[in-house]
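Inspection log for the structure reproduced underneath, given as structure tokens.
There are 2 protein chains.
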Amino acid sequence: MAATASTTSHSLLLQKTPQNHAFLKPNSTTFTLTYQRSPKPFSISCSATTPTQDRPLVQSQPQDRVFNFAAGPATLPENVLLKAQSELYNWHGSGMSVMEMSHRGKDFRSIIEKAEADLRALLNIPEDYAVLFLQGGATTQFAAVPLNLSRPDDTVDYLVTGSWGDKAFKEAQKYCKPKVIWNGKSEKYVRVPSFDGLEQSPNAKYLHICANETIYGVEFKEYPVPSNPNGVLVADMSSNFCSKPVDVTRFGLIYAGAQKNVGPAGVCIVIVRKDLIGNAQEISPVMLDYKIHAENNSLYNTPPCFGIYMCGLVFEDLLKQGGLEEVEKKNKKKAGILYNAIDESKGFYRCPVEKSVRSLMNVPFTLEKPELEAEFLKEADREKMVQLKGHRSVGGMRASIYNAMPLAGVEKLVAFMKDFQARHA
Amino acid sequence: MAATASTTSHSLLLQKTPQNHAFLKPNSTTFTLTYQRSPKPFSISCSATTPTQDRPLVQSQPQDRVFNFAAGPATLPENVLLKAQSELYNWHGSGMSVMEMSHRGKDFRSIIEKAEADLRALLNIPEDYAVLFLQGGATTQFAAVPLNLSRPDDTVDYLVTGSWGDKAFKEAQKYCKPKVIWNGKSEKYVRVPSFDGLEQSPNAKYLHICANETIYGVEFKEYPVPSNPNGVLVADMSSNFCSKPVDVTRFGLIYAGAQKNVGPAGVCIVIVRKDLIGNAQEISPVMLDYKIHAENNSLYNTPPCFGIYMCGLVFEDLLKQGGLEEVEKKNKKKAGILYNAIDESKGFYRCPVEKSVRSLMNVPFTLEKPELEAEFLKEADREKMVQLKGHRSVGGMRASIYNAMPLAGVEKLVAFMKDFQARHA
């Protein structure tokens with residue numbers, strides 16, 4: 001079966017796609033589409049076996065796709081990537097890419113409005129909270145939070161359970177009087193303190209936490225309550241955003257860089273109670289003033305349109321999965337088998353984090369014999385499990401297993417860890 | 001010719017692609033690839049005429065692609081979009097999308113380093129200038145420029161030739177003592193003043209211009225020289241960045257949102273002389289401090305990776321076109337035929353901008369009979385020429401004809417304008 005035509009085509013995908021999937025192998029279907037921009041003829045060749053009986057679509061990794069355990073940017077859902085790819089050149093018949101759309105046109109407005117509506121549905125965000133799609137990552141929010149929620153003489157509290165909370169505290173020193181009310185650094189950030197013993201500042205405008213410390217793998221399972229009745233809880237949720245249900249009403253403000261669980265880098269989502277908006281310090285850059293963005297529905301200046309579109313596709317996918325209750329179940333299962341493998345390794349693998357606050361998203365672990373770490377990483381890489389190296393500040397390994405990491409990826413990692421241990425114990 | 005196979009495929013593209021191109025029509029090549037995620041068989045049907053003689057690849061618009069005259073986000077080069085699409089799911093055999101890559105991994109480092117190297121080649125950027133890939137658009141730079149280049153008591157000068165220059169001035173008022181040394185507002189922003197008559201502040205740390213005012217279509221063809229020998233020229237080049245050669249050494253700092261000429265929204269490029277870095281005011285958010293970004297090669301926090309990748313593809317494309325000299329020739333030709341059509345319309349169409357400073361990028365024009373504007377837009381839209389409506393603050397029409405707008409798009413617009421005039425004069 002072959003055809004030639006004196007035309008050009010831009011369909012670059014076909015050649016590799018059917019070979020992408022391990023579960024296709026038995027049927028040995030191959031296609032070739034030669035791509036040429038010149039006016040020369042191109043050829044199509046197709047060979048396909050006769051249909052076999054229907055087989056269930058097993059959860060499997062496409063053959064040339066790796067399991068990516070990076071801490072962020074991180075793996076994205078395969079179906080979201082494929083949808084984005086299919087729509088990239090011409091979104092919904094609009095005749096243009098999402099990247100080319102005016103942010104003030106009706107097409108992009110429909111995209112950002114749906115993204116917000118789906119996020120509101122996922123997290124059950126009440127109407128008295130604004131949802132903002134911003135730029136600059138959580139690091140920009142380290143400044144925006146104190147600039148919007150405090151005055152220069154105000155006291156604010158920081159509960160520091162890792163590097164990110166510490167960075168947030170340091171940035172706040174420029175804009176108000178932040179106080180660290182607990183710091184896990186001397187214990188190498190392995191736990192969250194008991195909330196009862198915390199000495200909060202009586203007049204603190206807010207209490208800041210990092211809900212999941214990406215580097216150390218420490219995750220809040222409960223949330224503290226500000227002792228100042230006029231204070232609010234603020235959380236950096238960058239690395240566990242939309243990984244489980246969260247009662248938004250417990251917080252005055254939640255912010256999250258998108259590049260771990262909900263999209264590509266370049267989008268930062270802020271969920272803020274509306275009555276907290278409108279008090280930015282005079283020195284606040286206009287781009288860090290929540291009021292400006294809330295009044296303009298995140299369209300004061302040109303937003304990161306394509307990133308917001310990608311987040312929207314992810315939100316849609318999470319809703320289709322059954323919402324965050326279902327997502328949390330999957331995340332608990334994935335994290336459970338990985339932590340179990342570590343704990344049952346008789347010390348060959350170790351996770352230093354206190355069991356009650358181990359992160360469902362970022363699983364740091366070390367080898368009893370650190371000299372084996374390089375070999376571990378090399379072999380894992382060969383098995384197409386990548387980005388397992390721990391953060392440079394702590395060493396060891398770290399498996400980030402965000403929403404989009406398939407169960408199969410964790411199962412493969414655990415099988416590999418057991419095999420590696422058997423060979424090197 | 002037909003084949004069936006009991007497999008699934010993610011190749012969503014094939015079905016429409018060959019029909020995308022007007023120049024394919026005579027050969028009537030059609031393909032159908034049914035996409036199914038279920039394990040049901042899919043079918044391929046191909047029909048192709050016999051090869052005809054090779055025909056030159058004429059510059060033509062793919063049939064279902066529109067000519068997008070939006071001011072930004074704006075049209076991107078078709079070949080760049082197609083390359084991005086082909087690589088979206090699996091970049092260069094890495095097993096992942098660019099959107100999933102760790103920004104500290106070797107793959108993304110190769111992407112950002114090549115993007116910077118290509119931009120340096122395009123603009124001939126000397127080694128004593130840093131190139132930064134940032135977030136937050138030009139609007140963030142409106143604050144970052146005074147925060148980095150001045151102290152609170154310093155005087156700085158703004159030459160205001162449109163809304164963007166005015167916004168930049170207003171933001172600077174938070175951080176230093178900016179002075180407007182010329183303002184075109186009373187004349188409705190139709191010109192650039194003579195530089196000889198400018199009363200610059202003797203000690204101004206910098207002189208700020210907006211090199212191309214997107215809304216009003218006013219473009220600097222020459223650049224003023226700061227009268228303070230220790231002062232520098234700063235330019236917002238968002239809407240004419242990489243549209244023509246620029247002598248970077250004339251400037252202390254150039255900044256540009258990417259979403260007009262070089263990429264999607266969400267990336268802002270800063271080119272800054274290195275000796276100007278390192279003096280940010282204490283109140284500057286860390287994300288607005290050039291020193292942080294320069295020391296970390298734009299990787300202090302997670303950068304907008306996919307946007308930077310897209311910019312890199314555009315830079316590569318501009319180099320392949322022969323660099324900015326060639327690009328400028330094309331832009332002059334496109335703008336020339338459009339302005340000629342306006343000027344030769346005997347007043348049916350009018351462009352208010354002084355001829356010597358008319359923008360090669362943004363061409364605003366009005367109709368002698370404003371009551372025809374809605375009809376003009378409606379008919380143009382029907383002809384697949386979209387986003388021609390002028391900015392809400394000025395009305396009328398605006399055709400943004402950035403680098404990626406093909407000559408064919410401008411020719412089609414001009415033909416339409418003449419036809420519209422013939423029918424409505």
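Order-wise, the sequence lines are chains A and B. Each residue of the first sequence is one higher than the one before, counting from 1 in full-length UniProt numbering. Each residue of the second sequence is one higher than the one before, counting from 1 in full-length UniProt numbering. The beta carbon of each residue, even a glycine, is placed where N, CA and C say it ideally should be.
Under 8 angstroms, Cβ to Cβ, is there at least one residue of chain B near residue i?
{"i": "Cys210/A", "result": "no"}
{"i": "Gly336/A", "result": "no"}
{"i": "Asn301/A", "result": "yes"}
{"i": "Phe315/A", "result": "no"}
{"i": "Ile215/A", "result": "no"}
{"i": "Arg102/A", "result": "As written in the sequence, residue 102/A is Ser, which differs from the Arg given in the question. Yes, Ser102/A lies at the interface with chain B (some Cβ there is under 8 angstroms from its Cβ)."}
{"i": "Tyr129/A", "result": "no"}
{"i": "Tyr349/A", "result": "no"}
{"i": "Cys305/A", "result": "yes"}
{"i": "Gly257/A", "result": "yes"}
Step through the CB atoms of chain A and report whether any lies within less than 8 angstroms of the CB of residue i.
{"i": "Lys274/B", "result": "no"}
{"i": "Gln321/B", "result": "no"}
{"i": "Glu383/B", "result": "no"}
{"i": "Arg65/B", "result": "yes"}
{"i": "Ala265/B", "result": "yes"}
{"i": "Val160/B", "result": "no"}
{"i": "Cys176/B", "result": "no"}
{"i": "Gln421/B", "result": "no"}
{"i": "Ala408/B", "result": "no"}
{"i": "Tyr89/B", "result": "yes"}
{"i": "Met310/B", "result": "yes"}
{"i": "Glu171/B", "result": "yes"}
{"i": "Ala22/B", "result": "Here the model assigns Ala22/B a pLDDT of 32, short of 50, so the residue's position is not dependable, and the following value carries that caveat. It does not: the Cβ of Ala22/B has no partner Cβ on chain A nearer than 8 angstroms."}
Find out if the Cβ-Cβ distance for the pair residue i, residue j is shorter than 8 angstroms.
{"i": "Glu375/B", "j": "Gly347/B", "result": "no"}
{"i": "Met385/B", "j": "Leu407/B", "result": "no"}
{"i": "Phe195/A", "j": "Pro224/A", "result": "yes"}
{"i": "Cys311/B", "j": "Ala258/B", "result": "yes"}
{"i": "His293/B", "j": "Leu134/B", "result": "yes"}
{"i": "Lys260/A", "j": "Ser239/A", "result": "yes"}
{"i": "Leu177/B", "j": "Asp154/B", "result": "In the sequence as presented, Leu is not what sits at residue 177/B; that position holds Lys. Yes. Within cutoff."}
{"i": "Leu338/A", "j": "Ala380/A", "result": "no"}
{"i": "Tyr402/A", "j": "Ser243/A", "result": "yes"}
{"i": "Cys210/A", "j": "Thr161/A", "result": "yes"}
{"i": "residue 426/A", "j": "Ile125/A", "result": "Missing from the structure shown is residue 426/A; chain A here goes from 1 to 425 and no further."}
{"i": "Ile277/B", "j": "Ala256/B", "result": "no"}
{"i": "Val131/A", "j": "Ile271/A", "result": "yes"}
{"i": "Pro304/B", "j": "Ala265/A", "result": "yes"}
Name the DSSP beta bridge partners of residue i, please?
{"i": "Asp157/A", "result": "Lys179/A, Leu207/A"}
{"i": "Phe69/A", "result": "DSSP lists no partner for Phe69/A."}
{"i": "Lys389/B", "result": "Met397/B"}
{"i": "Asn362/A", "result": "Ser400/A"}
{"i": "Asp236/B", "result": "Cys210/B, Tyr255/B"}
{"i": "Cys268/B", "result": "Leu134/B, Gly257/B"}
{"i": "Glu219/B", "result": "Asn212/B"}
{"i": "Tyr129/A", "result": "Arg273/A"}
{"i": "Leu288/B", "result": "None, per the DSSP bridge assignment."}
{"i": "Arg350/B", "result": "Thr366/B"}
**OP:** Indicate whether the contact test is met: 3 or more Cβ pairs, each with one atom in the segment 211-225 of chain A and one in the segment 342-359 of chain A, closer than 8 angstroms.
**Re:** yes
Original post:
If you measure beta-carbon to beta-carbon, which residues of the segment 68-87 of chain A are closer than 9 angstroms to chain B?
Top reply: Close to chain B, meaning a Cβ-Cβ distance shorter than 9 angstroms, are the following residues of the segment 68-87 of chain A: Asn68, Ala70, Ala71, Gly72, Pro73, Ala74, Thr75, Leu76, Glu78, Asn79, Leu81, Leu82, Lys83, Ala84, Gln85, Ser86, Glu87.
**OP:** Please name the residues in the segment 134-152 of chain A whose beta-carbon is closer than 9 angstroms to at least one beta-carbon of chain B, in chain order.
**Re:** Contact residues of the segment 134-152 of chain A toward chain B are Leu134, Gln135, Gly136, Gly137, Ala138, Thr139, Thr140, Phe142, Ala143, Ala144, Leu147 (C-beta to C-beta distance below 9 angstroms).
Original post:
How about the segment 69-86 of chain A and the segment 91-104 of chain B: do they share at least three Cβ pairs that are nearer than 8 angstroms?
Top reply: yes
Original post:
the segment 358-390 of chain A: which residues have C-beta closer than 9 angstroms to a C-beta of chain B, in chain order?
Top reply: Lys384, Val386, Gln387
Original post:
Listed in chain order, which residues of the segment 92-116 of chain B have Cβ atoms closer than 9 angstroms to some Cβ of chain A?
Top reply: Gly93, Ser94, Gly95, Met96, Ser97, Val98, Met99, Glu100, Met101, Ser102, His103, Arg104, Gly105, Phe108
**OP:** For the segment 283-297 of chain A, enumerate the residues whose C-beta is nearer than 9 angstroms to any C-beta of chain B, in chain order.
**Re:** Ile283, Ser284, Pro285, Val286, Met287, Leu288
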